[in-house]
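Take 1 as the starting number for the sequence shown in the UniProt record's numbering and just add one per residue.
Even for Gly, the Cβ is constructed at its ideal location relative to N, Cα and C.
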Amino acid sequence: MAIVDINLGHGIDGISLARILKRDHHIPTVLVSGYRTPGMDNLIEENAIGFLPKPFTSSDLRTLLIDIYARMARGAS
C-alpha cells in the first residue's frame, strides 16, 4: 500500500501516480490532501482505496486502515 499526497509539486500528481500504481503494479493507494473539490471525488474513487484529509492524526490513519482491511476481507475494493 502507498500513501500519496495528491499535490506532489512539479510533474506527476498523486492521482496519476495512484492510477499507475494500481494499473501497472497492483499497489493500492490512499490519497491525502489539504483540499478536496467535488470534481476530485470520482478520480479518487476510481484510483485509490481511501482518502485522508490533511491534517490527519495517527488515529485518523488507523481508522481508515481498519476500514480498508475490513472492506478487503469482505472482497470489496
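Residue i, DSSP secondary structure in three states
{"i": "Arg-74", "result": "coil"}
CB contact flag (residue i, residue j, <8 Å)
{"i": "Gly-50", "j": "Ile-27", "result": "no"}
Neighbourhood of residue i by C-beta, 6 Å cutoff - its chain only, sequence neighbours within 5 removed
{"i": "Thr-29", "result": "Ala-2, Val-4, Ala-18, Leu-21 and Ala-48"}
Review point. At which residue ranges does the UniProt domain "Response regulatory" (1-69) contain complete alpha helix (DSSP H) runs of 4 or more residues, listed in the order of the chain?
Key: At a cut-off of 4 residues, the continuous stretches assigned as alpha helix (DSSP H) that sit fully inside the UniProt domain "Response regulatory" (1-69) are 14-25 and 40-47.
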